[in-house]
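In our numbering, the protein residues as written are 536 to 700.
Notes follow the structure.
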């Protein structure tokens, strides 16, 4: 029983810290960055550049608030379902961490959409001319990439049967 409680506590603490960092960084961006100026961290590479995004990456799905609400609730529900199914074993900590990252990123952007009707973005990586993004986006991207690595290289198919039980 104690391991089960620790699994949930670890998940919630990790997600809460990540959501806190996301919301703090967005607050700092909103209060300290101008609406149209780019501030170089590393000239010609990395910039802080405030942007309000009512859609998804590359400006797609602008204003589709109901769509994002439904998708976010589905993702959060799926992660929580898998968290409850996840075995109480240290072997599955990488999956717990991946879930925490994705969950925190989804919550961070969900908070923005509910409170502001847009997501605050402020990180711009110039060499690839990628859309402006935020800490929550980093959490979702890193969590998804690590999850892919875990499912591809760490866990055998039989070790992932827990979600069917």
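Just so it is clear, CB atoms sit at the ideal spot from N, CA and C, and this is done for glycine as well.
The DSSP-derived three-state label of residue 553 is helix. Burial is judged here by how many other beta carbons sit within 10 angstroms of a residue's own beta carbon; residue 695 has fewer than 16 and is exposed. Put simply, the backbone Cα of residue 629 is about 7 Å away from that of residue 685. Of 548, 654 and 575, the smallest CA-CA separation from residue 662 is found for 575. DSSP places residue 591 in the coil class of the three-state scheme, outside both helix and strand. Under DSSP, residue 636 takes part in no beta bridge, so it has no partner. Put simply, the segment 614-628 does not touch the segment 648-656. Fewer than three CB pairs are less than 8 Å apart.
When the five nearest sequence neighbours on each side are left out, the beta carbons in the same chain lying within less than 7 Å of the beta carbon of residue 587 are those of 653 and 655, in order along the chain.
Under the Cβ criterion (8 Å, minimum of three pairs), the segment 664-678 does not count as touching the segment 617-627.
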